[in-house]
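If you're matching positions, the sequence shown starts at 1 in the UniProt record's numbering and goes up one per residue.
Each residue gets a CB set at the ideal place from its N, CA and C atoms; glycine is no exception.
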Amino acid sequence: MSDSDCCSCHEKWVGYRCNCYFISSEEKTWNESRHFCASQKSSLLQLQNRDEQDFMSSSQHFYWIGLSYSEEHTAWLWENGSALSQDLLSIIEIQKGKCAIY
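Set out below in structure tokens:
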């Protein structure tokens, strides 16, 4: 059984461990990427633990993820409002002080 067997993803999306991922070849800003994902009823990638990095670890490219710095909370927050786990901090690169890539 392959990792994508339990996934039913749209065309051009990749199934991995019962999740669907869209990897764009277009260069966009973090906000443009976030809006594109929202238009697809999706969101930027949100890493919850190191196991979830397996899918992207073979790539030679960097991708925007759903993490940004909240001035109000003075903390890095995922799009769903949860805080960034400290054990994930080493695999994330901060861009322009407000957004992050993986």
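By the C-beta density criterion, residue 65 is buried, having at least 16 other C-beta atoms within 10 angstroms. In the three-state scheme derived from DSSP, where H, G and I count as helix and E and B as strand, residue 39 is classed as helix.
Around residue 30, the same chain offers 64, 99 as residues with beta carbons nearer than 6 angstroms, after the five sequence neighbours per side are excluded. According to the DSSP assignment, residue 68 belongs to the beta strand (DSSP E) that extends over 64-70. With fewer than 16 neighbouring CB atoms inside 10 Å of its own CB, residue 85 falls in the exposed class. Secondary-structure assignment with DSSP links residue 77 through a beta bridge to 68, 83. Residue nearest to residue 26 within the set 45, 61, 38 is 61 (criterion: CA-CA distance).
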